[in-house]
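Line order of the protein sequences matches chains A and G.
When we follow the working numbering, the leftmost residue of the first sequence carries the number 1, and every step to the right adds one.
When we follow the working numbering, the leftmost residue of the second sequence carries the number 1, and every step to the right adds one.
Protein chains: 2
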Amino acid sequence: MLVELKQRLREITDLNAAGDLLNWDQATYMPQGGAGAHGRQRAILNRLAHERAVEPALGELIDRLTRYGENLPYDSDDASLIRVARRDFQKKIKIPSDHVERATAHFSSSYDAWTRARPGNDFATMAPYLERTLNLSREYSSYFEPYNHVADPHIDDADEGMTAASISGLFGELKLQLVALARAICEQPAADDASLRQTFAKAAQFDFALHVAKSLGYDLKRGRLDLTHHPFSTRLSAGDVRITTRVSENDLGDALFSTLHEAGHAMYEQGISAELDGSPLGQGVSAGVHESQSRLWENVVGRSRGFWEYFYPRLQRIFEEQLSRVPLGAFHRAINKVARSLIRTDADELTYNLHIMLRFDLELKMLEGQLRVTDRADLGIAPSDDRDGCLQDAHWYSGYIGGRLQSYAIGNILSAQFYAAALKMHPDILHEIATGEFGTLHTWLAASLRRTISSSARPAR
Amino acid sequence: MLVELKQRLREITDLNAAGDLLNWDQATYMPQGGAGAHGRQRAILNRLAHERAVEPALGELIDRLTRYGENLPYDSDDASLIRVARRDFQKKIKIPSDHVERATAHFSSSYDAWTRARPGNDFATMAPYLERTLNLSREYSSYFEPYNHVADPHIDDADEGMTAASISGLFGELKLQLVALARAICEQPAADDASLRQTFAKAAQFDFALHVAKSLGYDLKRGRLDLTHHPFSTRLSAGDVRITTRVSENDLGDALFSTLHEAGHAMYEQGISAELDGSPLGQGVSAGVHESQSRLWENVVGRSRGFWEYFYPRLQRIFEEQLSRVPLGAFHRAINKVARSLIRTDADELTYNLHIMLRFDLELKMLEGQLRVTDRADLGIAPSDDRDGCLQDAHWYSGYIGGRLQSYAIGNILSAQFYAAALKMHPDILHEIATGEFGTLHTWLAASLRRTISSSARPAR
C-alpha cells in the first residue's frame, strides 16, 4: 500500500514539475507568440495534477495507511509522508478542479501581460487582472470556510499553522524596533553607494554572480542560471534545481544579490535527500524556511565584511576601472546602505521587512475589500511612476494574493536564528567565509534542514 | 458535439506540447542531473495524452460525428478534422498505455546516454539501448498485425499509405540514376571546400545563421534558435515554433545549413492557420512533406547561386580574413561539393539520398532480425570510429526505428516538385532570391501547404 501511495504521489509531483518547467520557460526563453497556448498547457497540467490529488482511491489509501503511520516513529520518512499526504489531500479535496484550471489560466495570462505592462508603466491594463486575481483569491479562501480572516487559507498554505492574526502580532512587535532603528540610522549621514551605480558590463556581472553562487556550493550539474524579468528558483527534480536573475547595467547589486538569494533557495532544495525525490517531502518545508535560506546567503553571508574580504579583490579585478579606487570598507558600507526606497527586492536588510509589512497590510485590506485596486494608499512616500510602485513585483500578477509576502519577513527572522545556531556549533565559519570556504556552513544547513522536512505537518499549533 | 470533439483534441494536443517542451529542454538547457526525472515526467505526460486519445467517450463522439462529416465538403476543416480524428483514434486504440509509458521512458534515457556516448565514442554502452529500441519497435508493430512488413506500421505513421514495399520500389528507381550520377561526378576532380574548413568564431556563425533564417521569413516573435547536439525543430503551438542548431568552429556549413533546414520545418508550421491550433490538423501533414520544406530551403534555395549572390558579400564582411580571397564561384562550388562521406546530415544533396537508402535498408534488416546491433555491415567504406558511424545520429537513440529516415528522401523528391511548381507560377522567384527577397516563395508555399493539410487522411492509397 505504501508503494502504491508513493507511486501516486510521484505522478502528481511529476505532473507539477512538468508545469513548473512551463513556467520556467515562460519566464526565460518562450517567444512572445507562445503565451496563449502556454496558458492552456499550464492549466490542463494543473487540472490533471489536481484531479489525481483528489482521487477517492488516493483518499482511501491514505485512510488505510494512517493507523500504520501512527505506529511508526513520528519523524521517520514514512510516517511523515503519510501525514503530509493526508494534510494535502484534506486541503485539495476542498478545491474544485474547475477553479484550479481557471486560476492557472488567469495567472499565466496575467504574468504575460505584466511583463509588457511594467516596462510600459501601464497599470491601467493590469488593474482588471489584479481585480480578477483578488476575486480568485477570495474564491479560493471560500472553500476553506469558516476562517477567521480571508487570507488565512493562503497563509496556511505557505507557512502552516500561521494566520493573519499571528503574523500581525509578530509584525507589530518587530515593527516597533525596526522603525526606531531605521529612524536612528536615517538621522546619520547616509552611506555613499554611488560606486555601485556606475556602468558595469552585463555579461561580466552575470559571470561573476554565477561564479559566487558556485563557490557557495550551488551545484551546476544539478542546476543552471538564466535571465528573467523577476528572479526565481524552481525545482524540477532533485537533480535539476534552476535559478534565474536579472542584470542591470547601472546597479552592481541587482544581479549579484538576486543570484545569491535564488542560490540560497536552490541549495536548500539541492540539499534535500534524493531519496525523497518525487514525494511531497522532497521540497522545502514552508515558504518561511525557504526564505530563511535565500536571505541567509544573500544578506547574512553575502553582505558580511568577511565575505567581501575574499570576493572584493576578485570583483575589483573584473571591474578595475570602476572599483580600483573604491576601498573594501566603502564598498561594504555601500552594499549595506540603509535608506527609504521604493523597490522591495532592492531594499536593504533593515527596511526590507518594513516593505513586507506594508505590502502584507495592503494585501489584507484588498482581500477584505477595504481597499480597491485603483485606490491610491497614502504611504508617506509616492513613487514617480507605477513601475516602481504597484507594478514592481511579479507576485501580484502571477498567483494568489494574501499569503506569500509574509514569508520573506519570517525568513529574515529565521535566517538570523539559523546563522546564530550554526556559529555556535562551528565558530570557524566566520574565518572560513573570509577565505572563500563555505563548506561547513553549507553542510550544516543541509543537514539541519533535511531534518525539518520530515517533521513537517505536525498537528496545527 | 463538434465543440466537444475539438475540446478533447485540444487537451490531447496541449498535453503532447507540454511533453515536447520537456524534450526541447532536455536537448537544450537541462542540467545533467535532470535526466532521470525528465524521463519520468515525459513518460507520464505521454501516458496521459495516450489515455485521453483512446477514451471510449472520444471514440463514441467520433462515431456519432462521422456521418455528419461525410455530408460536409470533403476538404472542409470540419470534415477533415473528423476524418483525421477517426484515423488517429483507430490507430491509438490498438496501443496499450503501458507500452507508451515504457517506450517514452526508454527513449528519454537512451537519448540522455547517447549525448555522452557519442563524444566518448562508446557504442558498447549504447548497444543494449539500441537492442531494446528494436524490441519496442517490433512490439509497436505487433499491435498492428497483420502487416506485410514489420516496418509498415512505423512508415504509415510518418507517411500515411506508404509501405516498406512501396518505398523500396521508389528507392530502387531513384538509386539507379543517383549512383550513375554520383559515379560520373566523382570521376571529375572534386570541388575544393578547404575554404569552409578554416576557423570561424562560433558566435558569429550563430548570428549569421539566425539572420538568414529571419530573412527567409522565419518569425522570431513566434520562434527562437538555440544550441543542441542534434538539430531539430519543435512546434509548441502556432505561436511558438522553435528551432535548434549546432555550431562547428571548423565547418562553416554545419550551423548554417542545419539552421536553414530547421527553419524550413518551422516556417511550414508557422504557415499553418492559427485557427487550427490545438487540433490534429494544426501540424504538418506527413513527415515527407515536412522534410520537403526543410530540404527546399536548405538545398534548393540555400545552395543556389542566386541565394549567395545576395548573402555571400554579407558573409564575407563577417569573416573577412577567411573569405575575402575566396570568390563567390569557388564558395558556391564548395558548398555543393559532391563526395562520399560518413555523416548523413553533412552529406551533399546528391549522396544524401544514398545515405538514407543505406540506413533504411539497415533498419529493415535490424527489425527483421537479419542484422544484429553488434554486427558490422560491410558498406565499402568504414568509419574510423563509431562517432561517425553508428552513433552519428540521434534518431536511433531517441525513438522507434523503422519509419523515419525514408521521409528525408521523400522530402527531397517533393522539394524539387514544389519548387518547380512555384517557379512555374512565379518565375520572378529566381530574381527575388538573388536580391534577398523570399516573400513570394514563402507565401506561395504557405498557401499551397495550408491546403494539403485539410486534404490529409484520404482513404488509404
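For every residue, glycine included, the Cβ atom is placed at its ideal position computed from N, Cα and C.
| Asked | Found |
| --- | --- |
| Any C-beta of chain A under 9 Å from that of glutamate 262(G) | no |
| Residues that glycine 403(G) contacts on chain A, provided the C-beta gap is smaller than 7 Å | Within 7 Å Cβ-Cβ: nothing; glycine 403(G) doesn't reach chain A, min ~27 Å. |
| Beta-bridge pairing of threonine 245(G) - partner residues as DSSP gives them | Leu227(G) |
| Threonine 104(A) - containing alpha helix (DSSP H), residue span | 97 to 117 |
| Contacts that methionine 267(G) makes with chain A (C-beta to C-beta distance below 9 Å) | Under the 9 Å cutoff, chain A gives no residues; its nearest Cβ is about 14 Å from methionine 267(G). |
| Ordered list of alpha helix (DSSP H) runs contained in the segment 2 to 57 of chain G, each at least 4 residues | 2 to 28, 35 to 53 |
| Continuous alpha helix (DSSP H) assignments of at least 4 residues falling wholly in the segment 257 to 343 of chain G | 287 to 295, 305 to 318, 320 to 323, 328 to 335 |
| Exposure of histidine 431(G), with buried meaning 16 or more beta-carbon neighbours within 10 Å | exposed |
| Candidates Ile318(G), Leu252(G), Tyr268(G), of which the one nearest serine 294(G) by Cα | Tyr268(G) |
| 9 Å Cβ cutoff, glycine 36(A) in contact with chain G | yes |
| Rounded straight-line distance, which links the Cα of aspartate 192(G) to that of alanine 462(G) | This structure leaves residue 462(G) out entirely; chain G is present only between 1 and 461. |
| Close Cβ partners of serine 109(A) (< 6 Å) along its chain, the five nearest in sequence each way excluded | Gly39 |
| Identified DSSP bridge partners for threonine 234(G) | Arg242(G) |
| Distance CB(aspartate 240(A))-CB(glycine 19(G)) smaller than 9 Å | no |
| Where aspartate 428(G) falls: helix, strand or coil (DSSP) | coil |
| CA nearest to the CA of arginine 333(G), picked from Arg344(G), Ser341(G), Glu349(G) | Glu349(G) |
| Closer than 9 Å to chain A by CB, leucine 210(G) | no |
| 9 Å Cβ cutoff met for glycine 402(G) and isoleucine 155(G) | yes |
| Valine 3(G) classed as buried or exposed, judged by whether at least 16 other C-beta atoms fall within 10 angstroms | exposed |
| Residue-chain proximity (leucine 236(G), chain A), Cβ-Cβ < 9 Å | yes |
| According to DSSP, residues forming a beta bridge with glutamine 251(A) | Looking at the sequence itself, residue 251(A) is aspartate, so the reference to glutamine does not match. DSSP output for aspartate 251(A) lists Ser248(A) as bridge partner(s). |
| Neighbour flag for aspartate 219(G) against chain A, beta carbons, 9 Å | yes |
| C-alpha gap between arginine 372(A) and glutamate 131(A), whole angstroms | 8 Å |
| Arginine 242(G) at chain A interface by Cβ criterion, 9 Å | yes |
| DSSP-derived helix/strand/coil call for phenylalanine 89(A) | helix |
| DSSP three-state assignment for lysine 94(G), whether helix, strand or coil | coil |
| CB contact below 9 Å: aspartate 14(G) versus chain A | yes |
| The segment 190 to 206 of chain G: positions lying closer than 7 Å to chain A by Cβ | none |
| Spatial distance of threonine 244(G) from aspartate 254(G) (CA atoms) | 12 Å |
| Min CB distance aspartate 98(A) to chain G below 9 Å | no |
| Proximal residues to isoleucine 453(G) (C-beta, below 6 Å), its chain only, five neighbours per side dropped | Residue placement at isoleucine 453(G) cannot be trusted, given a pLDDT of 48 that sits under 50; what the coordinates show is reported in the next sentence. Closer than 6 Å at the Cβ level, and outside the excluded window around isoleucine 453(G), lie Leu281, Val285. |
| Any chain A beta carbon closer than 9 Å to alanine 113(G) | no |
| Cβ-Cβ distance between leucine 236(A) and leucine 225(A) below 9 Å | no |
| Residues near proline 153(A) in its chain [Cβ-Cβ closer than 7 Å; skip 5 each side] | Tyr140, Ser141, Phe144, Tyr147 |
| Euclidean distance between Cα positions of lysine 91(A) and valine 84(A) | 11 Å |
| Amino acids of chain A, ordered along the chain, whose beta-carbon sits closer than 8 Å to that of alanine 17(G) | Ala37, Gln41 |
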